[in-house]
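For the sequence shown, counting from 1, position 69 maps to 69 in the numbering used here; every step adds exactly one. Here is the structure we will look at.
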Amino acid sequence: MRDQRYDILFEPMKIGPVTAKNRFYQVPHCNGGGYRDPSAAAAMRRMKSEGGWGVIFTEQTEMHHTSEITPFIELRLWDDADIPALAKMAKAMHQHGALAGIQLAYSGINGPNLYTKEVPRGPSALPIRTFTNDPVQARAMDRQDIRDLRRWHRNAFKRAKQAGFDLVCLYGAHGFGIIQHFLSTATNQRSDEYGGSLENRSRLMRELIEEGRDAIGDTCGLTLRLSLDEMIGELGFANSEVRDMIEMHADLPDLWDLAHGAWEDCSGPSRFKEEAAQESLVSGIKKLTSKPVVGVGRFTSPDVMVRMIKTGTLDFVGCARPSIADPFLPKKVEEGRIEDIRECIGCNICITGDMTMSISRCTQNPTFMEEWRKGWHPERMQAKGDSDSVLIVGAGPAGLEAARALGLRGYQVAIAEAGTALGGRVARECLLPGLSAWGRVRDYRQYQLGQMPNVDIYFESRLSADDILSFGFQNVAIATGSTWRRDGVARAHVVPMPIDAAMPVYTPDDLMDGKVPSGNVVLFDDDHYYMGGVLAELMARQGAEVTLVTPSAYVSDWTRNTLEQGAIHRRLAEMGVDIVLNRTVTAIASGGVVTACVYTGAKHELAADAVVLVTSRNQDDAVWRELKARESEWADNGIRSIKVIGDAEAPGPIAWATYAGHRFARELDEADIGDALPFRREVTALADG
């Protein structure tokens with residue numbers, strides 16, 4: 001039964017000629033599938049329709065071959081051949097009553113055209129702006145180019161309607177769309193009727209929307225996605241000018257879809273962005289237009305959603321990452337199951353799928369993008385197989401997810417945890433600066449397990465191989481995690497580095513145990529994800545003089561994929577951390593470290609009172625190795641299977657661990673598939689000739 005406080009979230013809302021059944025609006029988001037995996041992407045959107053979303057959008061859809069963003073994999077609507085895949089997606093969105101929306105993008109100076117080899121076009125002649133700094137420039141569009149662009153948009157509108165979409169969104173946000181390029185004086189330096197004044201710079205926007213409405217008639221709504229503030233200084237399209245533009249064109253689109261700045265500003269991780277972080281930028285805009293407004297802010301709390309509506313800030317609650325973490329968020333609110341919401345932790349591992357051109361993952365929802373590929377449903381498991389009991393050794397993210405999913409299948413599950421609390425690495429890492437939201441990985445599973453009478457948890461239960469063999473469980477999962485190495489082995493050193501015993505050396509585990517060094521500390525980061533930057537911040541907060549040394553050209557290099565690398569560098573620099581790039585630590589001496597340039601090998605010594613090594617991890621798999629060596633004893637002890645999962649098998653991000661736990665639970669007692677692929681895929685069809 002729905003709490004009446006949330007009734008307002010379920011009011012039907014008009015968007016031009018169509019009506020959304022509620023205010024839950026899944027804004028466009030990437031998924032790593034795009035044109036390569038259209039069925040996987042369609043099934044993912046279908047799941048959100050089943051989960052109760054009123055509006056569901058595609059990701060960025062390239063609308064013409066003269067503007068594409070290879071190597072990134074998005075959807076395409078270049079010609080009629082693309083319609084069937086998109087029609088399949090629209091049908092999937094409609095299946096449970098959602099409005100189906102498509103986001104059309106002409107990327108302009110963000111489109112290097114590496115696949116089509118077309119010359120990029122933009123408002124002015126400027127270098128292409130991409131994540132990869134491609135050495136390509138766009139030519140300035142002349143009037144014929146603009147006429148062509150308007151025609152291409154009309155063609156795309158018609159194709160979108162033919163594919164069955166109810167809403168068409170023009171993409172002019174995050175610096176990625178041609179509309180924003182014309183609106184911003186940073187990218188529009190024209191002196192004709194499309195440049196100069198705000199009225200002129202918004203001319204193309206007006207033309208595209210007016211002509212789009214003519215093209216799709218009165219059956220489709222037309223929305224516009226804009227950045228609330230480019231955040232790039234004097235030449236940028238600032239929040240004040242955004243408001244002027246909206247007031248000037250108040251009723252032009254059927255809905256205003258507003259998002260902050262660049263993608264990293266809009267979708268910053270929870271370490272740097274709180275829920276509803278964009279509220280001040282969007283507040284008051286609704287008063288400038290009679291058309292509905294949707295905004296985003298990693299909304300996970302229904303109470304915050306209600307506040308955004310009741311204060312007149314938004315008409316629709318826009319969600320991307322929260323809709324990934326829990327596709328059934330609206331249904332759970334509607335059914336009064338708030339405690340069952342799988343809240344987004346804001347780690348941005350989903351975004352790394354797009355950035356690495358791979359199928360996306362979610363730390364909280366391991367079924368994301370596996371709905372079609374593996375037939376996984378985020379809320380349902382198949383019935384248990386022909387065995388009955390499972391022992392899970394270790395209550396970290398892999399063990400907890402395995403226990404939750406196995407409990408749903410109906411197995412009798414026991415968790416043996418060596419410590420006194422659930423969560424493993426998550427319980428420790430969520431205490432580090434900025435990572436508190438990561439505790440939701442533990443909290444969600446702890447609550448779910450607490451509702452299952454068939455799951456028992458035993459603390460202070462460090463088990464030996466003899467213990468495991470003697471208990472009589474039919475199946476065993478070893479999820480004992482991993483430990484950070486203190487010998488420096490990682491990428492720069494594949495064998496232990498020389499370390500003088502006189503120098504105090506710490507690992508991330510030491511710091512998470514409360515052993516934080518003081519004085520002059522050198523942190524060597526050869527891990528390149530978040531841990532090095534987080535620990536440097538931790539030590540700086542506690543008064544240490546920190547020097548972070550990394551072989552990479554960037555601090556926390558891999559976090560470029562989670563959209564936080566720039567924020568990490570800024571924060572550390574502001575805290576006084578000395579960042580040393582492109583150098584590796586070759587040896588740890590009694591009074592400091594010896595570093596070397598990764599290109600020339602030139603040596604340099606840094607004095608230090610202590611050294612922190614953030615390098616790689618050893619899997620804690622001793623009990624697994626002993627059990628494997630004694631495999632001949634399994635059957636005599638009633639054991640049918642023993643498997644090592646998660647970090648105990650091979651350390652990785654937390655999302656890898658929850659996926660491993662879920663996969664173990666799905667595959668237990670299932671038929672052996674031999675050498676067959678464990679997932680479905682779509683293979684390109686050969687053309688004639």
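Built from N, CA and C at the ideal position, the CB exists for glycine as well. None of these values were measured; they are calculated from a predicted model.
Beta strand (DSSP E) segment containing residue i, residue limits
{"i": "I457", "result": "455 to 458"}
{"i": "L99", "result": "99 to 105"}
{"i": "W263", "result": "Where W263 is concerned, there is no enclosing beta strand (DSSP E), although the alpha helix (DSSP H) it sits in stretches over 263 to 266."}
{"i": "R583", "result": "583 to 588"}
{"i": "H377", "result": "Careful: H377 lies outside any beta strand (DSSP E) and carries neither H nor E."}
{"i": "N618", "result": "617 to 619"}
{"i": "N31", "result": "Note, N31: premise wrong, no beta strand (DSSP E); not H, not E."}
{"i": "H604", "result": "603 to 607"}
{"i": "S389", "result": "389 to 393"}
{"i": "E59", "result": "55 to 62"}
{"i": "A610", "result": "610 to 614"}
{"i": "E711", "result": "Since the first and last residues shown for the chain are 1 and 689, residue 711 lies out of range."}
{"i": "D578", "result": "578 to 580"}
Of the listed residues the options, nearest to residue i (C-alpha basis)
{"i": "Q474", "options": "K374, E193, I392", "result": "I392"}
{"i": "D527", "options": "L535, N520, V521", "result": "L535"}
{"i": "S556", "options": "T615, V611, R139, G543", "result": "T615"}
{"i": "R150", "options": "R213, A477, D672", "result": "R213"}
{"i": "V294", "options": "V282, L288, Q95, D647", "result": "V282"}
{"i": "H29", "options": "K158, L222, S360", "result": "S360"}
{"i": "K273", "options": "P433, P302, M369, G175", "result": "P433"}
{"i": "R225", "options": "D166, T185, V296", "result": "V296"}
{"i": "C220", "options": "R159, E264, R243, M305", "result": "R159"}
{"i": "A622", "options": "D647, D609, G533", "result": "D647"}
{"i": "V593", "options": "G689, A502, D388, E626", "result": "A502"}
{"i": "Y444", "options": "A685, E401, S470", "result": "E401"}
{"i": "F24", "options": "F57, R491, M44", "result": "F57"}
{"i": "G543", "options": "P551, P517, Y530", "result": "P517"}
{"i": "L183", "options": "A276, S124, T289", "result": "S124"}
{"i": "L677", "options": "N561, L511, R373, A403", "result": "R373"}
{"i": "S301", "options": "Y6, K628, A416", "result": "Y6"}
{"i": "V304", "options": "I338, D636, R271", "result": "I338"}
{"i": "D672", "options": "G385, V55, S191", "result": "G385"}
Below-8 Å beta-carbon distance, residue i vs any chain B residue
{"i": "V455", "result": "Structure shown: chain B not included; a single protein chain is present."}
Straight-line Cα distance separating residue j from residue i
{"i": "E564", "j": "G236", "result": "21 Å"}
{"i": "V333", "j": "R2", "result": "7 Å"}
{"i": "Y447", "j": "E62", "result": "42 Å"}
{"i": "G52", "j": "E335", "result": "11 Å"}
{"i": "E230", "j": "A262", "result": "6 Å"}
{"i": "R442", "j": "V585", "result": "35 Å"}
{"i": "P498", "j": "V521", "result": "18 Å"}
{"i": "W484", "j": "D620", "result": "10 Å"}
{"i": "S39", "j": "P322", "result": "22 Å"}
{"i": "W256", "j": "L435", "result": "32 Å"}
{"i": "I642", "j": "T363", "result": "24 Å"}
{"i": "G97", "j": "T187", "result": "40 Å"}
{"i": "W152", "j": "W78", "result": "9 Å"}
{"i": "E667", "j": "Y115", "result": "39 Å"}
{"i": "A685", "j": "G101", "result": "27 Å"}
{"i": "A553", "j": "H569", "result": "12 Å"}
{"i": "A660", "j": "A479", "result": "10 Å"}
{"i": "P327", "j": "L314", "result": "21 Å"}
{"i": "D466", "j": "G410", "result": "27 Å"}
{"i": "A41", "j": "K310", "result": "34 Å"}
{"i": "N113", "j": "I83", "result": "21 Å"}
Boundaries of the alpha helix (DSSP H) in which residue i is found, first to last residue
{"i": "C347", "result": "Premise fails: C347 is in no alpha helix (DSSP H) and is neither H nor E."}
{"i": "V516", "result": "Run containing V516: none; DSSP gives neither H nor E here."}
{"i": "F157", "result": "143 to 163"}
{"i": "G592", "result": "Run containing G592: none in the alpha helix (DSSP H); it sits in the beta strand (DSSP E), 592 to 597."}
{"i": "Y530", "result": "530 to 541"}
{"i": "M47", "result": "38 to 50"}
Enumerate, from N- to C-terminal direction, the unbroken alpha helix (DSSP H) stretches of 4 or more residues contained entirely within the region 220 to 256. 239 to 248
Contact between the region 128 to 137 and the region 198 to 212 is defined here as three or more beta-carbon pairs at a separation below 8 Å; is this criterion met? no
With a cut-off of 8 Å, do at least 3 Cβ pairs link the region 152 to 166 to the region 86 to 98? yes
Check whether the region 415 to 425 touches the region 455 to 475, taking contact to mean three or more Cβ pairs, one atom from each stretch, closer than 8 Å. yes
Touching by the beta-carbon criterion (3+ pairs, under 8 Å), the region 56 to 72 and the region 377 to 385: no
At what residue ranges does the region 617 to 689 contain a whole run of the beta strand (DSSP E), taking only runs of 3 or more? 617 to 619, 641 to 644
Start-end ranges of the beta strand (DSSP E) lying completely within the region 457 to 493, minimum 3 residues: 475 to 478, 482 to 484
Where are the alpha helix (DSSP H) runs, 4 residues long or more, that stay fully inside the region 419 to 447, in chain order? 425 to 429
Taking the runs of the alpha helix (DSSP H) that are 4 residues or longer, which of them lie wholly in the region 167 to 227? The qualifying runs are 178 to 183, 198 to 201, 203 to 216.
Inside the region 268 to 347 only - alpha helix (DSSP H) runs reaching at least 4 residues: Qualifying alpha helix (DSSP H) stretches, in chain order: 279 to 282, 302 to 310, 321 to 325, 329 to 334.
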